[in-house]
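*Asks:* Handing you this structure, nothing more for now.
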Amino acid sequence: MARFPLSVVPAQNYHYGGIKFGAERKKKDGSLRTHAACDLVAAPGTPVVAVEWGIVLDVPKTPFIEGTKLYSVIIEHSFFIGRYTEINRDDIGSEIYPGATVQEGQYISTLQRNGKGGAMLHFEMYDKSSAGYLSQPSNTKYKNVPAGSYGRRSDLMNPTPYLDQWLLWTVWL
Ligand SMILES: [Zn+2]
17 MARFPLSVVP AQNYHYGGIK FGAERKKKDG SLRTHAACDL VAAPGTPVVA
67 VEWGIVLDVP KTPFIEGTKL YSVIIEHSFF IGRYTEINRD DIGSEIYPGA
117 TVQEGQYIST LQRNGKGGAM LHFEMYDKSS AGYLSQPSNT KYKNVPAGSY
167 GRRSDLMNPT PYLDQWLLWT VWL
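Structure below.
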C-alpha cells in the first residue's frame, strides 16, 4: 500500500538522462557528482504528498541546495526514509513538523520553481540500515547502489523500482 508522491504523471521519464538515479553530473568545481535521486518533473505549484504512512523526521530550516529557495522534508516510512526535496517552504502544510504522523497521500507541500523556470521533486530513499545525516559529502561506500560520488549516507537506495510500482514507465512512450 503506497502511492506516487505527485498527483500527476511527471513530464519527463525519470529512467533517462540527467534526471535519472545514478546520472553523472559535473559540479561547479569540476568534480563529478552522482545523482542520488529520481527527479519527478512537473509544473511549479504541483502538490507533493506522502507515499506511505510515516513520521516526519525533519523539516530543515536551511535550503536543500544552498543559495536557492528549494527546501526539503524528511519522512520515516515503514521500510525506508524518504527525502522530498525542491519543495516550496511557504507551502509546507501546518501538520508537517518533526514528530508528526502523516498518512499515505497526505499533503506535504508544493513544487518550487527552480532557477531554470521549471520544477521537480528530487526524491531520495534510504533503507534505514545506517544512521546520521542523509547528506555525507565525503562518503564513498554504499550498500544498495553502484559505486559513485553520491555524497550521501551509505544506505542510499535507488527509488526507481519503488516509484515504478505506482507509475508504469510506459506512459512516456
Ligand atoms: Zn535531482
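According to my numbering, the stretch in the sequence shown is residues 17 to 189, in order. Glycine residues also receive a C-beta, built at the ideal position from the N, C-alpha and C atoms. Remember, predicted model here, so these are calculated numbers, not experimental data.
Less than 7 Å between C-beta atoms, sequence neighbours within five positions excluded: which residues of the same chain meet that for Y142?
*Replies:* Here the question's residue 142 lines up with position 126 in the sequence shown. For Y142, where only same-chain residues beyond five positions count, the Cβ hits under 7 Å are F96, I97, L150, R169, D171, L172 and M173.
*Asks:* What distance in whole Å lies between the Cβ atoms of R105 and K132, which are believed to be in contact at a cut-off of 8 Å?
*Replies:* Translated into the one-based positions of the sequence shown, residue 132 becomes position 116. Translated into the one-based positions of the sequence shown, residue 105 becomes position 89. Not confirmed; about 19 Å, so no contact.
*Asks:* Where in the segment 28–101 do unbroken runs of the beta strand (DSSP E), each at least 3 residues long, occur, reported from the N-terminal end onward?
*Replies:* With a minimum length of 3 residues, the continuous beta strand (DSSP E) runs that stay inside the segment 28–101 are 40–42, 48–50, 54–57, 63–65, 70–74 and 86–93.
*Asks:* Nearest to V24 by alpha carbon, out of K157, L48, K159 and G121?
*Replies:* Locating residue 24 in the sequence shown gives position 8, counting from the first residue. The shortest C-alpha separation from V24 is found at G121.
*Asks:* T176 lies in the alpha helix (DSSP H); which residues open and close that run?
*Replies:* For the purposes of this step, residue 176 is taken as the residue at position 160 of the sequence shown. Residues T176 to D180.
*Asks:* Which residues end up in the neighbourhood of ligand 1 when you take C-beta atoms closer than 7 Å to any of its heavy atoms?
*Replies:* Residues flagged by the Cβ proximity filter: I35, H51, A53, D55, M136 and H138.
*Asks:* Report yes or no: do three or more beta-carbon pairs, one from the segment 74–91 and one from the segment 29–41, lie closer than 8 Å?
*Replies:* Contact between the segment 74–91 and the segment 29–41 is absent, because fewer than three Cβ pairs lie under 8 Å.
*Asks:* Going by alpha carbons, who is nearest to I35 out of F139, Q152 and N155?
*Replies:* In the sequence shown, counting from the first residue as 1, residue 35 sits at position 19. The shortest Cα separation from I35 among F139, Q152 and N155 belongs to F139.
*Asks:* For R169, does the three-state DSSP call read helix, strand or coil?
*Replies:* Within the sequence shown, numbered from 1, the residue matching residue 169 stands at position 153. R169: coil per DSSP, three-state reduction.
*Asks:* Between T126 and P60, what straight-line distance do the alpha-carbon atoms span, to the nearest angstrom?
*Replies:* Here residue 126 corresponds to residue number 110 of the sequence shown, with the count starting at 1. Here residue 60 corresponds to residue number 44 of the sequence shown, with the count starting at 1. For T126 and P60, the distance between alpha carbons rounds to 7 Å.
*Asks:* Excluding the 5 residues preceding and the 5 following V118 in the sequence, name in chain order all residues of the same chain whose CB lies nearer than 8 Å to its CB.
*Replies:* Taking the sequence shown and counting its residues from 1, the one referred to as residue 118 is at position 102. Closer than 8 Å at the Cβ level, and outside the excluded window around V118, lie A66, W69, G70, I71, V72, I91, E111, I112 and I124.
*Asks:* Are A58 and A135 touching if we call contact CB-CB under 8 Å?
*Replies:* Translated into the one-based positions of the sequence shown, residue 58 becomes position 42. Translated into the one-based positions of the sequence shown, residue 135 becomes position 119. Contact: yes.
*Asks:* Using alpha carbons as the reference points, say which of D55, F20 and P21 lies closest to A39.
*Replies:* For this step, residue 39 is matched to residue 23 along the sequence shown. Comparing Cα-Cα distances from A39 to each of D55, F20 and P21, the minimum goes to D55.
*Asks:* Distance check for P21 and P114, CA to CA, integer angstroms please.
*Replies:* Here the question's residue 114 lines up with position 98 in the sequence shown. Here the question's residue 21 lines up with position 5 in the sequence shown. Near 19 Å, if we compare the C-alpha coordinates of P21 and P114.
*Asks:* Rounding to the nearest angstrom, what Cα-Cα distance links P63 and T50 in this structure?
*Replies:* On the sequence shown, residue 63 is found 47 positions in, with the first residue counted as 1. On the sequence shown, residue 50 is found 34 positions in, with the first residue counted as 1. Roughly 27 Å between the two C-alpha positions.
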